[in-house]
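Here the structure comes first, spelled out in structure tokens, and everything after it is commentary.
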């Protein structure tokens, strides 16, 4: 166990970090434990001495079966977790870059004030949490609905006199919320079908465990079923869906890959498949009764990993040279060129009452396309506006600029105004990390991207080195709402 400092947003927390015995190349889960009010201060040993708590996950027997990192920050005296939720959210992004942490298996748990912190963190960044286990906490009942896709197993004692199991609770630490019973009901009503609740009957904690009724953690952290359930959860195969408008669903996977399902009278169209380890076709079939076809915006693995699940799929054959790269990463993808239904500009995919127009917007790849759905007023852009141009087979910036000009001309025609621009990585439109502004794709971004291309070609914009490249140094540039990563060989 070592002591580290967590710093972000002008705040700092001391924390204890337990590191498992790591094998080279392996990644391990992270458990974030949030203590209660009694362990606040500047002595981290107070947090480590609290039992059962951190020790439930650092015990040799547990580590032998479930090796994991355990992070236990300490809240300063007289404060609550609420002001530090932003910092903690940032740490969920930062720590996997520094340690051998599996970012798809981050678990959050806490007791009392820390149980409330667990609910609050679930609300703030549900997309980074694989599962949560709040104990005798309290939550903002409507806000917590943001965690409708996150598996939760909550615990509370019916006769808890400190934090009531139900009803409104005004914490002496400043926060207001409701007890666990109501928080769980709120999650269930929001559609969460993997939320579980253990309520210990009145008298149980004193009679069976010899502890105060508030101390339901004594039982919760000794519940082997719950701990095993927690560690079974992973975001890697999880899909989240929301209704954009009747007939259009937005689907997200663990990698912030965005897919869209568009329904017509006769069939539905899945746009891209993402990188998740689940089955996007099976998931799409839970959203529609229509037969589902696939259209791919471009041949990158985070957009077509699962193309092999379809007998045929729509894609520009200009991207066929990229298909082996997908199959090198995922050998199960046995898609053959003859399964590709070639699409070119002006083609229409008719879903029955809904027509999906194809527009070629090469740049990111030679065959990148966008799909226009005027019925639902949607423009599905793939990665054509949130742009990596340092990737293999990216076109010259001048060619990409010409394609953008053609798109601008297309969208100036009657019937192409008021479209929603829906990107291939919706959360990454400036807002994937906590604290970053969300900058949606838009007509404005199209104009800014054109200006960015012109400035880059004219040498009128400053570039910074970018850490991800594909054998040639990469650089990042931005202008207003537009941004691009490029390599020098395409700056022509």
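In the numbering used here, the protein residues as written are 33 to 524. Virtual Cβ for every residue (Gly too), placed ideally from N, Cα, C. Here the structure is a predicted model, which means the values were calculated and not measured.
I'd like to check one pair, residue j with residue i: are the Cβ atoms closer than 8 Å?
| i | j | result |
| --- | --- | --- |
| residue 169 | residue 212 | yes |
| residue 181 | residue 270 | yes |
| residue 478 | residue 429 | no |
| residue 433 | residue 355 | no |
| residue 146 | residue 38 | no |
| residue 172 | residue 265 | no |
| residue 386 | residue 296 | yes |
| residue 45 | residue 115 | no |
| residue 317 | residue 328 | no |
| residue 62 | residue 133 | yes |
| residue 374 | residue 348 | yes |
| residue 522 | residue 427 | yes |
| residue 21 | residue 140 | Outside the shown range of the chain (33 to 524) lies residue 21, about which nothing can therefore be said. |
| residue 40 | residue 119 | yes |
| residue 299 | residue 394 | no |
| residue 196 | residue 245 | no |
| residue 417 | residue 455 | yes |
Going by alpha carbons, who is nearest to residue i out of the options?
| i | options | result |
| --- | --- | --- |
| residue 144 | 204, 273 and 387 | 204 |
| residue 218 | 174, 235 and 397 | 174 |
| residue 138 | 341, 100 and 363 | 100 |
| residue 253 | 221, 186 and 225 | 186 |
| residue 293 | 287, 309, 286 and 272 | 272 |
| residue 473 | 414, 495, 195 and 492 | 414 |
| residue 263 | 54, 456, 95 and 351 | 95 |
| residue 365 | 374, 347 and 333 | 333 |
| residue 289 | 372, 344, 458 and 500 | 458 |
| residue 400 | 391, 408, 221 and 49 | 391 |
| residue 255 | 301, 319 and 165 | 165 |
| residue 363 | 379, 336 and 373 | 336 |
| residue 379 | 357, 403 and 228 | 403 |
| residue 501 | 406, 475, 420 and 55 | 420 |
| residue 35 | 411, 389 and 48 | 48 |
| residue 151 | 214, 93 and 109 | 214 |
| residue 566 | 353, 381 and 508 | Residue 566 lies beyond the residue range present for the chain, which begins at 33 and ends at 524; the question has no answer from this structure. |
| residue 148 | 209, 129, 158 and 88 | 209 |
DSSP has residue i in a bridge; who is on the other side?
| i | result |
| --- | --- |
| residue 34 | 49 |
| residue 75 | Looking at the DSSP assignment, residue 75 forms no beta bridge with any residue, so it has no partner. |
| residue 522 | DSSP output for residue 522 lists no bridge partner at all. |
| residue 381 | 388 |
| residue 281 | 275 and 293 |
| residue 455 | 414 |
| residue 201 | 209 |
| residue 140 | 64 and 164 |
| residue 498 | 506 |
| residue 419 | 516 |
| residue 527 | Residue 527 is absent from the model: the chain starts at 33 and stops at 524. |
| residue 511 | 514 |
| residue 300 | 295 and 324 |
| residue 89 | DSSP output for residue 89 lists no bridge partner at all. |
| residue 405 | 388 and 410 |
| residue 374 | 347 |
| residue 101 | 62 |
How is residue i classed by DSSP in three states: helix, strand or coil?
| i | result |
| --- | --- |
| residue 335 | helix |
| residue 217 | helix |
| residue 43 | strand |
| residue 361 | helix |
| residue 106 | strand |
| residue 429 | helix |
| residue 113 | coil |
| residue 368 | coil |
| residue 176 | helix |
| residue 263 | helix |
| residue 450 | coil |
| residue 125 | helix |
| residue 131 | coil |
| residue 152 | helix |
| residue 171 | strand |
| residue 118 | helix |
| residue 393 | coil |
| residue 492 | coil |
| residue 253 | coil |
| residue 470 | coil |
| residue 258 | helix |
| residue 81 | helix |
| residue 435 | helix |
| residue 54 | coil |
Are the C-beta of residue i and some C-beta of chain B separated by less than 8 Å?
| i | result |
| --- | --- |
| residue 132 | No chain B appears in this structure, which consists of one protein chain only. |
Could you pull out every unbroken beta strand (DSSP E) segment of at least 3 residues lying fully inside the region 302-350, listed in chain order? 324-327 and 345-347
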